[in-house]
Each structure stands twice: as C-alpha cells, then as structure tokens.
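Going by the working numbering, the sequence shown opens with residue 919, and the numbers climb by one from there. A short write-up of the structure that comes next.
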Amino acid sequence: MEATVSQLLNGSNVLFLMLGAVMVFAMHAGFAFLEVGTVTTKSQVNAFSKILTDWAVSTVIYFVIGYPLAYGVNFFQPAGNLLGATQGFELVRFFFLLCFAACIPAIISGGIAERARFYPQVLAGAIFVGLTYPFFESLIWGQHSSWLQSMFETLGGAPFHDFAGSVVVHSMGGWLALPAVLFLGARHGRYLHGRSQAIPISNIPFLALGSWILAVGWFGFNVMSAQQVTGISGLVAVNSLMALVGGVLFALIAGRNDPGFLHNGALAGLIAICAGSDIVHPLAAFFMGGFGSLIFVYGFKWEQEKLKIDDVLGVWPLHGVIGTWGGIAAGIFGQPLFGGIGGVTFISQLGGSLLAVGYALLNGFIIYGLISKVLGIRLTPEQEFAGPDLSIHSINAYPEEHVK
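Right, dumping it as structure tokens:
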C-alpha cells in the first residue's frame, strides 16, 4: 500500500511539473509572436528562427552544463537510474527549469532585433544558459543557495525570496540585454541628427497574440513553480491574475489606449508579481502589477526618446527594471502590514535584486564585449538595409508578394 501511495504521489508530481513545463514551453511561441509583431516585415523570419534556434541550443547546453551546475545533478548515467524511484521527476524538473533558462536568450532577442548577426548571438545565448544564468540560479534556488541565503538572513533578517523568477529570470534577462543593445547601437534611421524617428511595427495582431500566449502560459510559470502537487497555491494563481489585470488597466490609462503599451502592460504586471506571488495579498498584487506597467510605459519612452537607446521591444525596462521592482516589491507588500504572509524583509529583497543587476551587467559587458571584438555582432549596412530575413535566411516572411 505504501509503495502504491508513493508511486501515485510521484506520478502526480511528474504530471504536475510536466504540465507546467509544457505551459512555459508554449510561452516561447509568445516571445516569438511578440517580437514578430513589433519588428518590421523584413525581420519576421529572423525573429521566429532566432527563438527556435536559441531554444534548441539552450536545451542541449542546459542539459549538459547548466542544470548540473545549478543543482548538482549528473545526467550521464543509465536511463534506469534517471527514472529511479521518483518516476523521472528530476528529468521533468530539468524540462521545467530549462524553460526558465531559455527565457534569457528569448528576452535578449527582442532588444537586439533587426540588426544583430545570427550565430554570434546564438553563441552568447549558449554562454548565458550554460554558465551565467545557472550560476546565479544555484545561488538563489540551487545547490549553492545555503551560504548566500544565510548571508541575507544574517544581514537582512530573512532569506532573499523569489518564488517564480522576477529577479532570477526576468531581471537577469533584461539587464543582460542592455549591454548587447548598447554594443549594437541603434537601427539605421532610428535617430537622425539627434532626433528620434519612429520605425513602424509590422503587425499589431501578432503582437497581441504573443501577449496572450505569454499571459496564459504564465500561470504555469508561476503556479507550477511550487514544483510539487502538495505545494500548489490558489493564492499564486489569483495574484498572477490580479497583477496581469492591474498591468493592463494602468497601461490603458498611462499609454493612452496604445495597443503596444496595453498588451505589454499585461506582461509588465506578470513580471512584477513573480517573486512575491506566493506571499502577497491579491489587492497588493493588483497595484504591484499596475506600478510595474507604469514603469514600462514611462521607462520605455525615457529609454527611447531621452537616452536614445534602440531597445526594440523595450526588454530592459520590461524585464530588467520591472523584474528588479518585483523583487523589491515582494519585500514591501509581502509584509503583514500590507496583508502579506511575511517571512521577507525589504533589506534582503533590495540586496538580492541589486546583486542580480550588478552580476548581469558585468557578465553582459564582458561576454558581448569579447564577442563584439572577436566575431562582430552587427550586420553590415547592406545586410541591415536588405533585412535579416533575406541576409541571413534567404527568404522573407511573405514570399508570394515578391514573385514577379
């Protein structure tokens, strides 16, 4: 009887996490459509191809290097051993956490769109997924977390809390993207004589579809971060919903009905809530998501118009800055004073969030600096004018329109 109950629980955990993995895997289609809708028509094939290639490379690299580095698990053993008494739970856990790791190059892809060389970026993504990301992951969630979390507990009064990756995933991806965008420079024609020149997006329905796919998959991203059936929380689900809605409504007003801000507002809210989704009150989640949306609307305008940084999808403010906000906000709204469950402190959350910023920027500048010098990361002016679809993939998104 005990064996039967144990097998049922193990099987339930495997199924639970596999469903979560599939939902987060589906989010990568959302990343792709969001980028395809935002870039020009001569960059759509490239967007789809980049994200699928990065996913494939990430799978191999994270299996061989990244996951073992983060969690101390060696997959180079007989398949029977991998299945073990837990019915392959560690394998499906790898699948689930791979989907998080592969978000890093998918996030970066949106910032560097339309002028980046293909294989140098694939190489950068492989380094991030194999080394940069899993090392930080190991410090927060993995095998090396005990000493760093003990330090946070000693200095800040509580461990650093990031339930579903506002900081570990989204902040990391957004702040890694910033050096890449700076090294690449702006797209041709984006800024002329110091003045901003808008480059129209290609397809609002595709942009909206990408947002919807991401939003639906995000419930797997957040809820299944419990990783065990016994840890599932309705609070995480409803907080994710409320943050999403807060992000949409705040963006609707602040963005003055702009559909780009509206659909990215949903994502801003979801990024903001990941870290504290298991400890804050739903009303707090609504305002955390709403404020995250304001960060994106005004941060995107500041980045593009004042700083003149051509971050095509605004991944630095969306993932980087809002991810940092999500980590810090968990230390504020997770307090019982605001209806939260507690167990967090502002000092620890601030410290962990800023640690991720510094770590990501250091890695981004070093890795992209080296790749830029050794291989080059930008298309030639002629290639950029023709567009990456033709220059890299030798076909455009709508071939029949060019048949003479």
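For every residue, glycine included, the Cβ atom is placed at its ideal position computed from N, Cα and C.
Looking at the structure shown, is residue i part of a helix, part of a strand, or coil, going by DSSP?
i, result
"Arg1011", "helix"
"Tyr1109", "strand"
"Ala1034", "strand"
Tell me which residue opens and which closes the alpha helix (DSSP H) that residue i is part of.
i, result
"Val1166", "Gly1152 to Ala1172"
"Thr971", "Gln962 to Ile979"
"Gln1067", "Ser1063 to Gly1074"
"Tyr1277", "Phe1264 to Val1292"
"Tyr1316", "Counting along the chain, Tyr1316 falls outside any alpha helix (DSSP H), and DSSP gives it neither H nor E."
"His1181", "Pro1177 to Ile1191"
"Lys1219", "Pro1200 to Lys1219"
"Ile1025", "Cys1021 to Gly1029"
"Pro1123", "Ile1122 to Val1141"
"Thr1242", "Ile1240 to Phe1251"
"Val1099", "Met1090 to Leu1102"
"Gly998", "Ala997 to Leu1001"
"Pro1299", "Pro1299 to Ala1304"
"Phe1053", "Tyr1051 to Ile1058"
"Leu987", "Tyr985 to Tyr989"
Just the C-alpha distance for residue i and residue j, rounded to the nearest angstrom, thanks.
i, j, result
"Gly1083", "Val963", "29 Å"
"Thr977", "Tyr985", "10 Å"
"Cys1021", "Ala939", "13 Å"
"Phe1013", "Arg1113", "46 Å"
"Asp1174", "Val932", "The residue asked about is misnamed: residue 1174 is Arg in this sequence, not Asp. Taking the straight line joining both Cα atoms gives about 45 Å."
"Leu937", "Met1160", "22 Å"
"Phe1204", "Gly948", "23 Å"
"Pro1299", "His1106", "8 Å"
"Ala997", "His1062", "27 Å"
"Leu1180", "Leu1297", "32 Å"
"Val1086", "His1311", "33 Å"
"Ser1211", "Cys1192", "14 Å"
"Ser1195", "Asn1157", "6 Å"
"Pro1254", "Ile1213", "25 Å"
"Met945", "Gly1074", "34 Å"
"Gly990", "Glu1223", "45 Å"
"Phe1101", "Gly1091", "16 Å"
"Ser930", "Ile979", "28 Å"
"Ala1184", "Val923", "40 Å"
"Ala1190", "Gly1241", "6 Å"
"Ala965", "Leu1268", "34 Å"
"Gly1217", "Phe1081", "25 Å"
"Ser967", "Met1206", "34 Å"
"Leu1236", "Ala1304", "29 Å"
"Leu1272", "Val942", "26 Å"
"Phe1264", "Asp1307", "46 Å"
"Ala988", "Gly1060", "5 Å"
"Val982", "Leu970", "19 Å"
"Asn1182", "Glu1055", "26 Å"
"Tyr1109", "Glu1302", "15 Å"
Just grab the DSSP bridge partners of residue i for me.
i, result
"Ala950", "Beta-bridge pairing links Ala950 to no other residue."
"Ser1114", "Tyr1109"
So is the beta-carbon of residue i under 7 Å away from any non-hydrogen atom of the ligand SAM?
i, result
"Gly1135", "Ligands displayed in this structure: none; no statement on the ligand SAM is therefore possible."
Measuring only between beta-carbons, confirm whether residue i sits less than 8 Å from chain E.
i, result
"Gly1135", "In the structure shown, chain E cannot be found, because there is only a single protein chain."
Under 8 Å: do the stretch 1031-1044 and the stretch 1280-1296 share three or more Cβ pairs, one atom per stretch?
Taking 8 Å as the limit for Cβ pairs, the verdict is that the stretch 1280-1296 does touch the stretch 1031-1044.
Measuring CB atoms only, is the stretch 1186-1201 touching the stretch 1150-1163, in the sense that at least three cross pairs come out at less than 8 Å?
The stretch 1186-1201 vs the stretch 1150-1163: in contact.
Cβ contact (3+ pairs, closer than 8 Å) linking the stretch 1120-1129 and the stretch 1157-1170:
With a cut-off of 8 Å, the stretch 1157-1170 and the stretch 1120-1129 do not count as touching, because too few Cβ pairs lie within range.
Touching or not, the stretch 1279-1286 and the stretch 1059-1066, by the rule of three or more beta carbon pairs under 8 Å?
No, because fewer than three Cβ pairs between the stretch 1279-1286 and the stretch 1059-1066 fall closer than 8 Å, the two stretches do not touch.
Taking contact to mean 3 or more Cβ pairs, one atom from each stretch, closer than 8 Å, check whether the stretch 1131-1140 and the stretch 1314-1322 are in contact.
No, the stretch 1131-1140 is not in contact with the stretch 1314-1322.
At a cut of 8 Å, does the stretch 1098-1118 reach the stretch 1249-1267 through at least three beta carbon pairs?
Fewer than three beta-carbon pairs drawn from the stretch 1098-1118 and the stretch 1249-1267 are found closer than 8 Å, and the two stretches are therefore not classed as touching.
Should the stretch 1243-1251 be called in touch with the stretch 1223-1230, which here means at least 3 C-beta pairs below 8 Å?
Not touching, per the Cβ criterion.
Is it a yes or a no for the stretch 954-961 touching the stretch 992-1008, going by three-plus beta-carbon pairs under 8 Å?
Short answer: they don't touch.
Is it the case that the stretch 1309-1317 contacts the stretch 1041-1048, given that we only count it when at least three CB pairs across the two stretches are under 8 Å?
No contact exists between the stretch 1041-1048 and the stretch 1309-1317.
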